[in-house]
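My numbering puts the first residue of the sequence shown at 3, with every later residue one more than the last.
Glycine included, every Cβ here is placed at the ideal spot set by N, Cα and C.
Here is the structure we will look at, set down as structure tokens.
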Amino acid sequence: MRIWSVCFSPKEQYLASSGEDETIKLWNIHTGECIRTLRPPRPYEGMNITGAIGLTDAQRETLKALGAVEDEQ
3 MRIWSVCFSP KEQYLASSGE DETIKLWNIH TGECIRTLRP PRPYEGMNIT GAIGLTDAQR
63 ETLKALGAVE DEQ
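So this is what it looks like as structure tokens:
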């Protein structure tokens with residue numbers, strides 16, 4: 003995963019990072035622990051597309067990138 007940006011808190015106890023996984027992670031710089039992961043809601047979050055017909059492979063992958071899920075078959 004690529005990291006897009008990094009920012010230290012004013013008191014330099016925390017670090018925020020954002021990356022290509024579209025999340026913002028807050029880190030404790032003393033322990034290296036990820037304290038919290040923030041992710042904006044995606045438009046198809048949790049929509050199950052298992053068995054959906056009429057979708058091209060590209061459409062299926064796009065829906066999954068936007069939060070849809072598909073059971074492994």
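What's the C-alpha gap between Gln61 and Arg38?
If you take the alpha carbons of Gln61 and Arg38, they lie about 31 Å apart.
Go to Arg38, then tell me how far its beta strand (DSSP E) extends in each direction, as first and last residue.
Segment Cys36 to Leu40, the beta strand (DSSP E) holding Arg38.
How far does the beta strand (DSSP E) with Ala18 in it reach, from first residue to last?
First-last of the beta strand (DSSP E) with Ala18: Tyr16 to Gly21.
Apply the 10 Å Cβ neighbour rule to Leu65 and answer buried if 16 or more other Cβ atoms are within range, or exposed otherwise.
It counts as buried.
From Gly21 to Glu72, what does the alpha carbon distance come to, in whole angstroms?
Those two C-alpha atoms are separated by around 24 Å.
Exposed or buried, what is Ala54 when buried is set at 16 or more other beta-carbons lying within 10 Å of its beta-carbon?
Per the 10 Å Cβ criterion, exposed.
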